[in-house]
Each structure stands twice: as C-alpha cells, then as structure tokens.
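Colleague: Start counting the sequence shown at 27; every next residue gets the next number (my numbering). We treat Cβ as the ideally placed atom computed from N, Cα and C, and that holds for glycine. Structure below; questions to follow.
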Amino acid sequence: MRTRPGYGLDLPPQGKLYGDEGLPVTEGAIVERLDLVVVGSGGAAMAAGIHARSEGKSVVLVERGVIGGTCLNVGCVPSKALLAASGQRENALHSAFPGAPTSAGVPDVRSLVAQKDDLVGRLRQAKYVDVAAAHGFEIRRGEARFSDARTLLVDGEVLAATAYVVATGSEPATPDLPGLGGVDWLTSTTAMELTTLPESLVVIGGGYVGMEQAQLFAGLGTAVTLVGRLAPHTEPEIADVMRAAFARVGINVVEERAAQVAAGDGGVSVTTQSGRTVTGQRVLVATGRQARAQGLDVAAAGIETDERGFIVVDARQQTTNPMVWAAGDVSGAPQYVYVAAATGRAAAVNALGGKAEVDYTGLPGVTFTRPQIGGTGLTQEQA
C-alpha cells in the first residue's frame, strides 16, 4: 500500500507504464496505467470512483482546486446554511405569536460566514476525503489536460487509463449584458463570501438561485430588488405564491428582463427592457451556469461540446470520444447533486464495460425559499 503526500489515503499499488523494451517511460513525466481516471472531485466524480473500487479497479480522481464539488463548496451546503441563519433572524423579527414577542439585532456576517466555512470543511473531510480513503482511491491535486484522444496530462505527468470520466462541474455564467463588465458584480459564489452586508442589492435572475439569494439577503436586513421572471420553470400558481411571499418580507420584484447595467454614485443601476431603472449598492447575477471545462482541452481529445460549452453525451454518458465519459453538470445534466451522483455511477459502469442509464422520469427538485418549492416530473406546459 502507498500513501500520497498530503492526503493520507492508503492505496493499492498502481503500476508503471513500460515501453516496448521493458524500460519505464520517463520522457518528461511519470507515467501510470490505470483502469479509470476521473477529472473532478464532486458528487459525480466520487460516485464514479466508488463504483470503480467496488469492482476492484484502479482509479484516481484529479482535482485542480478544492476537494468537493459545487454542492459542497459553493452551492447547496453553504447556501442552505446561510438561508437557515437568515430564516431564523426573519422569524425573530416577525413572530407568529404576539404574546411571545421576539427581536433581532444586526447580524454578524463575518461570524456567519466563518460558521458556514467550518461546516463545509467538516463535511469535506467526512464525505469526501474520508470516503475516498475508506474506498481506497486517491484524490490527486493537479491540472488535467488532454493532449490527444488517448492521453491525459496532469501537471506534465502522463496519466494513462483504459477509460476517462470528466466530472468537472459548472460555474456561474456571465450573461451578455451591456455594462456588466464595468461593475463589481456578484455571483452566488462570491455573494456567500461577503463579510459585510450591502445596504441594498439588485438580484438579476428569478430562477431558484436568484430566489434563494434574494431571500437570504433580505432576511439578513438588505433591501433587495429582484429583476426577472419569478420561478420560470414552475407552474404559474407557484410564482403567484412566491410573489406574495416576497412582498411580505419587502423584496421588490420587477418581472422584466435586464437590458443594461451601469455604475452609479455609490452603487449600481439596472435598466430593464421597458426602460425602468432600479438601483442598489451591489448587483448579483444569477442567470444560469456554464460548464467548467476550461483548460481541459476537450477538443484535443475529440470531445464535442454544445453551444453553451457542455460536453455532449449519449444516454450512457459517453462522449464523442469512445474512451471518455462525462457526468454531472459538465455533461449538461439537470443540476442537482443526486443527478450528478447517478450520472457519475452510470459513467463508471459503462466505462468499465457494464450497462447503465439514468432514468429522469419523475425527477424531483426543491428550492429552499420560504415557503419551499418542491416538484417532480413535468409541468403542465412541458407535458
């Protein structure tokens, strides 16, 4: 057994790749031969690694940044932790029982962010690092890049495998919005790193991320304006309920498309397509996510992407390169952590010679607003 420095993971020996004359290939790199190499370390990548080890296969996960995916580091976990704090403060301000009066002071945002970061760190250790150790696979730090259809380089080392799974996730997209480049705008990621609350905030985007972020900041005391169609992927009746709920906590909803952003005196102005202008100290853009595959050079491996940069896969998660599978957000799958895990496992099953497909019938989804939105399957319009 061997241990990779910095990880403390006991791993089975993984052989060197030898040249035609029986000598180790050493030109510019250490070369290893593995059954499976997974790029990424989030839910999809972990599911792929766990399945590979359950089949007795050698596997390495390669991660260039922080271990864990979007959900753990910048998505589900941190947002729900801060939403819980925001909701608790809101409950204190608006007690449902007049006979038991409550109050709430100014939030200590620095403390809330530190508590959130501590939770994320503990879950990263328990649910990722420790799980990898328990299943006997390595999470290796490094920058992965395809040099051709069969070869993956990791910080200059050739990592050769029978099959590869790309599970690098997604990141906030930058919309084509005039003036955005001239302001210091927030994403859902950077907003949850703030240690000082803005007095006012304009949220562009009325989907689940925009709605959650709007309520998060409103509950902590920020004056919030949301620009965009509210709950666009749900039934209209749900949007009506959320519109009323937002009004009760003082969130101003402007259901128009943002057309321009501009820096102003001490803040930012957002102008809609109808010419209406709203202002705030900061602006948060939550209009969607894009594939995180920069630097991987998927084109060199013959891997096709769609117009939004997501890797094109078939029902078995296989890309246009028969040696490469993709899973999770980067494959254009619905952006839920449980979908990432399901596609990651399916990709590994198929990459190792099995047969598996993900059934999206009745796919559930939850938005952690107040009230929460839950659904499964198709809307009436989709049906």
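#1: Would you tell me roughly how many angstroms separate the C-alpha atoms of R396 and A118, rounded to the nearest one?
#2: Pick helix, strand or coil for G328, following the three-state DSSP scheme.
#3: For Y362 and A73, I'd like the C-alpha separation in whole angstroms.
#4: Rounded to the nearest angstrom, how far is the Cβ of D355 from that of G195, given a contact under 8 Å?
#5: For the beta strand (DSSP E) containing V235, list its first residue and its last residue.
#6: For the pair the region 362-377 and the region 333-348, tell me if three or more CB-CB distances fall below 8 Å.
#7: Roughly how many angstroms lie between the CA atoms of L322 and G292, to the nearest whole one?
#8: Mind reading off the beta-carbon distance from G306 to L227? Whole number of angstroms is fine, and I expect it under 8 Å.
#9: Decide if E470 is buried, meaning its Cβ has at least 16 other Cβ atoms within 10 Å, or exposed.
#10: If we count Cβ pairs, one from each stretch, closer than 8 Å, do we get three or more for the region 241-258 versus the region 372-391?
#11: If you reduce the DSSP assignment to three classes, tell me which class Q398 lands in.
#12: Quick check: the region 245-262 against the region 296-315, are at least 3 beta-carbon pairs closer than 8 Å?
#13: Do you know how far the Cα of K106 is from the Cα of F394?
#14: How would you call E89, buried or exposed, if buried means at least 16 neighbouring beta carbons within 10 angstroms?
#15: Grab me the residues of V100's own chain with a C-beta within less than 6 Å of its C-beta, minus the 5 sequence neighbours each way, in chain order.
#16: Just to confirm before moving on: does the CB-CB distance between V63 and A187 stay below 9 Å?
#17: Output yes or no for whether 9 Å exceeds the beta carbon distance between P201 and R315.
#18: Please report the residue range of the alpha helix (DSSP H) in which P104 lies.
#19: For the alpha helix (DSSP H) containing S80, list its first residue and its last residue.
Modeller: The structure says:
#1: 15 Å
#2: coil
#3: 14 Å
#4: 5 Å
#5: Counting along the chain, V235 falls outside any beta strand (DSSP E), though it belongs to the alpha helix (DSSP H) covering 234-245.
#6: yes
#7: 40 Å
#8: 5 Å
#9: Nothing about residue 470 can be reported from this structure: the residues present for the chain run from 27 to 409 only.
#10: no
#11: coil
#12: yes
#13: 7 Å
#14: buried
#15: T215
#16: yes
#17: no
#18: 102-119
#19: 69-80
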